[in-house]
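There are 2 protein chains.
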Amino acid sequence: MSHSLGVRQAQKQKTRQAFLDAALGLLAEQSLSSLGLREVTRAVGVAPTAFYRHFHSTADLGVALVEEALGSLHPMISGTVSTADDSDQRIDRAVALIARHVREHPAHIRFIARERNGGVQKVRAAIAEQMDRFADEVRAELAKQAESDGWSDDDLLMLAGLYVDQMLMTASAFLEADPDDPAEEDRVARVARRRMRLISIGRRHWLG
Amino acid sequence: MSHSLGVRQAQKQKTRQAFLDAALGLLAEQSLSSLGLREVTRAVGVAPTAFYRHFHSTADLGVALVEEALGSLHPMISGTVSTADDSDQRIDRAVALIARHVREHPAHIRFIARERNGGVQKVRAAIAEQMDRFADEVRAELAKQAESDGWSDDDLLMLAGLYVDQMLMTASAFLEADPDDPAEEDRVARVARRRMRLISIGRRHWLG
DNA sequence: CCGCACGGAGAACAGTTGTTTACTGCATGG
DNA sequence: CCATGCAGTAAACAACTGTTCTCCGTGCGG
Chain A
1 MSHSLGVRQA QKQKTRQAFL DAALGLLAEQ SLSSLGLREV TRAVGVAPTA
51 FYRHFHSTAD LGVALVEEAL GSLHPMISGT VSTADDSDQR IDRAVALIAR
101 HVREHPAHIR FIARERNGGV QKVRAAIAEQ MDRFADEVRA ELAKQAESDG
151 WSDDDLLMLA GLYVDQMLMT ASAFLEADPD DPAEEDRVAR VARRRMRLIS
201 IGRRHWLG
Chain B
1 MSHSLGVRQA QKQKTRQAFL DAALGLLAEQ SLSSLGLREV TRAVGVAPTA
51 FYRHFHSTAD LGVALVEEAL GSLHPMISGT VSTADDSDQR IDRAVALIAR
101 HVREHPAHIR FIARERNGGV QKVRAAIAEQ MDRFADEVRA ELAKQAESDG
151 WSDDDLLMLA GLYVDQMLMT ASAFLEADPD DPAEEDRVAR VARRRMRLIS
201 IGRRHWLG
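See the structure below:
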């Protein structure tokens, strides 16, 4: 199975990745709708016109970033939900996993949280699509569990959506926490765990 | 308690309001960080330099918009929580109230949802401050209710924050719903109600 | 091995941006 | 009633924007 991409295509993908990285950096302090094409090319160290070889517009770049930030997360998410732990342990692990992911990929999370309601239609749509996929995958995992007996698929999707939204809000909260102040991070984690726990309790008593 | 503002100050406030209105209109399709000062003055029909008589920067304008969008909402929110209805009726009324508010002030909601994680620090801070105030007010109302016996203030604040976040997410969901398709709006309302109901069930069984 | 396709460079385009400086006209307070 | 303060104007500034066109070097398919 070929690593055979040819020197040509390889270099192109490398440049493309440089665009994505540079853009992600610049987006730490502004929104996509204010990101200039020239600004990005300058950060990459390349001529403005080179941009068009890879993207039609900065909106296109944004969609690619959504893919990069969320595309690889699907196994992790449904994997976390599907573990056979006790409920509280599952919540602890989930929150810890989110904290870890935010620490490792802060720019990705910031980008998603920012552009989820951002000014660029296509990017909003791309994020919504991924979030819907997440919700549906979580729903599928929840359906396998014994606690879901008697639940309608519709209610399960509602619950899954609640969980997914909660995950992103938790991630966003970790982002705002001062990285030099571990106490603040702990506070965020504590609140997030209790929120999830309360939701899980609601789930347990939903029927009847 | 004078309406006596003088012709002078009155005209100034009028112009200032024109800035806010024009900006809110322009922000329907972009983020604050990409909003140009000239763009706003052009929409108002006034010279670019006139902007500085009212705001230091577009970020300042944004903070003023946060005040306008959220400042008047405090009585409405805690009022809704404090009604003595049955829990399900309270939820129905709350969701209906959100739907109504979104229909009447869509631009305000869009702005808040967008800039809550937007690219402008000061505006994010202003929104966070208002949301924290909401949460604290809701906590105070919840504390009065009999169902809160045995709850710590910390847990009540956690619950209040969950409710408040849920309200904004619901509002944002209403915003995305096609206004010409009342069925879609109903779907959003149904999901929102069930989410709130599940949280309320979790609340009822939180202790023990 | 050669010709072409293609990633990238460079220059030029008309518009736009935020900010400064100097100005005007008029409501207002003494 | 008059002098001052202040909302708004006008012109100019250098810097920046997205896009088009022309060009160059070279990896790759025939």
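Chains A and B supply the protein sequences, listed in that same order. Mapping of the first sequence onto the UniProt record's numbering: position 118 corresponds to residue 118, and the numbering continues sequentially without gaps. Mapping of the second sequence onto the UniProt record's numbering: position 203 corresponds to residue 203, and the numbering continues sequentially without gaps. Idealized CB from N, CA, C, for every residue including glycine.
On the CB-based measure, 16 or more other CB atoms within 10 Å of its CB, does residue i come out buried or exposed?
{"i": "HIS205/A", "result": "exposed"}
{"i": "MET76/A", "result": "exposed"}
{"i": "TYR163/A", "result": "buried"}
{"i": "GLU137/A", "result": "buried"}
{"i": "LEU5/A", "result": "exposed"}
{"i": "GLY62/A", "result": "buried"}
{"i": "ARG195/A", "result": "buried"}
{"i": "GLY202/A", "result": "buried"}
{"i": "LEU35/A", "result": "buried"}
{"i": "GLU129/A", "result": "exposed"}
{"i": "ARG113/A", "result": "For the record, residue 113/A in the displayed sequence is Ala; it is not Arg. So ALA113/A counts as buried."}
{"i": "THR83/B", "result": "exposed"}
{"i": "SER152/A", "result": "exposed"}
{"i": "LEU207/B", "result": "exposed"}
Am I right that residue i and residue j are in contact with their C-beta atoms under 8 angstroms? What's the rounded C-beta distance?
{"i": "ALA135/A", "j": "GLY161/A", "result": "5 angstroms"}
{"i": "GLY119/A", "j": "GLU29/B", "result": "6 angstroms"}
{"i": "ILE199/A", "j": "GLN166/A", "result": "7 angstroms"}
{"i": "ALA69/A", "j": "HIS108/A", "result": "4 angstroms"}
{"i": "ALA43/A", "j": "LEU26/A", "result": "6 angstroms"}
{"i": "THR80/B", "j": "ALA94/B", "result": "5 angstroms"}
{"i": "SER31/B", "j": "SER33/A", "result": "5 angstroms"}
{"i": "VAL188/B", "j": "ALA177/B", "result": "5 angstroms"}
{"i": "ARG20/A", "j": "ALA64/A", "result": "For clarity, residue 20/A is Leu in the given sequence; the question names Arg instead. So it is a contact: roughly 6 angstroms between Cβ atoms."}
{"i": "LEU37/A", "j": "THR15/A", "result": "Going by Cβ atoms, the distance from LEU37/A to THR15/A rounds to 15 angstroms, so no, they are not a contact pair."}
{"i": "LEU175/A", "j": "ARG110/A", "result": "6 angstroms"}
Helix, strand or coil, according to DSSP, for residue i in the structure here?
{"i": "ARG116/A", "result": "coil"}
{"i": "ASP153/B", "result": "helix"}
{"i": "SER31/B", "result": "coil"}
{"i": "GLY46/A", "result": "Correcting the residue identity first, residue 46/A is Val in this sequence and not Gly. Reduced to three states, the DSSP call for VAL46/A is coil."}
{"i": "ALA177/A", "result": "coil"}
{"i": "GLY36/A", "result": "coil"}
{"i": "GLY208/B", "result": "coil"}
{"i": "HIS54/A", "result": "coil"}
{"i": "HIS108/A", "result": "helix"}
{"i": "SER2/A", "result": "In this prediction, SER2/A has a pLDDT of 42, which is less than 50 and means its spatial position is unreliable; nothing more can be read from the coordinates."}
Where does the unbroken alpha helix (DSSP H) through residue i begin, and where does it stop?
{"i": "LEU70/B", "result": "58 to 70"}
{"i": "THR83/B", "result": "Premise fails: THR83/B is in no alpha helix (DSSP H) and is neither H nor E."}
{"i": "VAL123/A", "result": "121 to 144"}
{"i": "GLY25/A", "result": "6 to 26"}
{"i": "LEU198/A", "result": "182 to 204"}
Between residue i and the ligand PLP, is there a pair consisting of the residue's CB and a ligand heavy atom that are separated by less than 7 angstroms?
{"i": "GLN11/B", "result": "Of the ligands one can find in the structure shown there are none, so the ligand PLP has no counterpart to examine."}
### Message
Beta carbons nearer than 7 angstroms to chain A: which residues of the region 88 to 109 of chain B have them?
### Response
none
### Task
Residues of the region 166 to 193 of chain B with a CB closer than 7 angstroms to any CB of chain A: list them in chain order, please.
MET169, SER172, VAL191
### Task
Please name the residues in the region 19 to 36 of chain A whose beta-carbon is closer than 7 angstroms to at least one beta-carbon of chain B, in chain order.
GLU29, GLN30, SER31, SER33, SER34
### Message
Under 9 angstroms, CB to CB, which of the residues in the region 116 to 145 of chain A have a partner in chain B?
### Response
ARG116, ASN117, GLY118, GLY119, VAL120, GLN121, ARG124, ALA128
### Query
Between the region 150 to 165 of chain A and chain B, which residues of the former have CB atoms less than 8 angstroms from a CB of the latter, in chain order?
ASP155, MET158, LEU159, GLY161, LEU162, ASP165
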